[in-house]
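Student: Residue 29 in UniProt numbering sits at position 29 of the sequence shown, and the numbers go up by one each step. Glycine included, each C-beta is placed from N, C-alpha and C at the ideal position. Remember, it's a predicted structure, so these values are computed and weren't measured experimentally. Next up is a structure, given as structure tokens.
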Amino acid sequence: KVDIFPFVAQYGRLPIELAARRDCMEEVEMLFPLTSPIPTIPNWSIDGIISHAKLERAKPLGGRHLEQTKAVLKSHADQAFRLKDYKLASKA
1 KVDIFPFVAQ YGRLPIELAA RRDCMEEVEM LFPLTSPIPT IPNWSIDGII
51 SHAKLERAKP LGGRHLEQTK AVLKSHADQA FRLKDYKLAS KA
């Protein structure tokens, strides 16, 4: 089990999002089965993640970054709770 929260805190995005922003399909394919769905990405598929990243790159920065980070942290807290890892879930 990997604690992803420090990575998100440092880089602001999950590894799969960073791979998608670089348009690196191989990395997205590798990370896809290891990543819980992100609520801000409506089409949770490899192509959907890459398409979403391209659209996000075109938008100006602002409150969207904060909203996305909150959504990702909530998603990981929910996943930790489902796995009964209450200590990890409480960190989100």
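Measuring CB to CB, does Glu-17 end up less than 9 Å from Ile-49?
Tutor: On the sequence shown, position 17 is the one that residue 17 refers to. On the sequence shown, position 49 is the one that residue 49 refers to. Yes, the Cβ-Cβ distance between Glu-17 and Ile-49 is below 9 Å.
Student: By Cβ distance below 7 Å, which residues in the same chain neighbour Asp-23 in space, the five residues on each side in sequence not counted?
Tutor: Here residue 23 corresponds to residue number 23 of the sequence shown, with the count starting at 1. Correct list, in chain order: Ile-50.
Student: So Ile-38 and Ser-75 are in contact, right, with Cβ under 8 Å, and what is the actual spacing, rounded?
Tutor: Counting from one through the sequence shown, the residue named residue 38 turns up at place 38. Counting from one through the sequence shown, the residue named residue 75 turns up at place 75. Their Cβ separation, rounded to whole angstroms, is 6 Å, which keeps Ile-38 and Ser-75 in contact under 8 Å.
Student: Below 8 Å on the Cβ atoms is my guess for Ala-19 versus Leu-34; work out the distance and round it to an integer in Å.
Tutor: Stepping through the sequence shown from its first residue, residue 19 is reached at position 19. Stepping through the sequence shown from its first residue, residue 34 is reached at position 34. Contact flag wrong, Cβ pair sits at about 12 Å.
Student: So, with DSSP's three-state summary, where would you put Gly-48?
Tutor: Taking the sequence shown and counting its residues from 1, one reaches residue 48 at position 48. In this structure, Gly-48 counts as helix in the three-state DSSP scheme.
Student: Put Arg-14 into one of helix, strand or coil per three-state DSSP.
Tutor: Locating residue 14 in the sequence shown gives position 14, where the first residue counts as 1. The question names Arg, but residue 14 is Leu in the sequence shown. Here Leu-14 sits in coil by DSSP.
Student: If distances are taken between C-alpha atoms only, which option among Thr-40, Gln-68 and Lys-54 comes closest to Met-25?
Tutor: Residue 25 sits at position 25 when you count from the first residue of the sequence shown. Among Thr-40, Gln-68 and Lys-54, the Cα nearest to that of Met-25 belongs to Lys-54.
Student: Would you mind working out which of Ser-36, Val-28, Arg-13 and Arg-21 sits nearest Arg-82, comparing C-alpha positions?
Tutor: In the sequence shown, counting from the first residue as 1, residue 82 sits at position 82. For the residues Ser-36, Val-28, Arg-13 and Arg-21, the minimum Cα distance to Arg-82 belongs to Ser-36.
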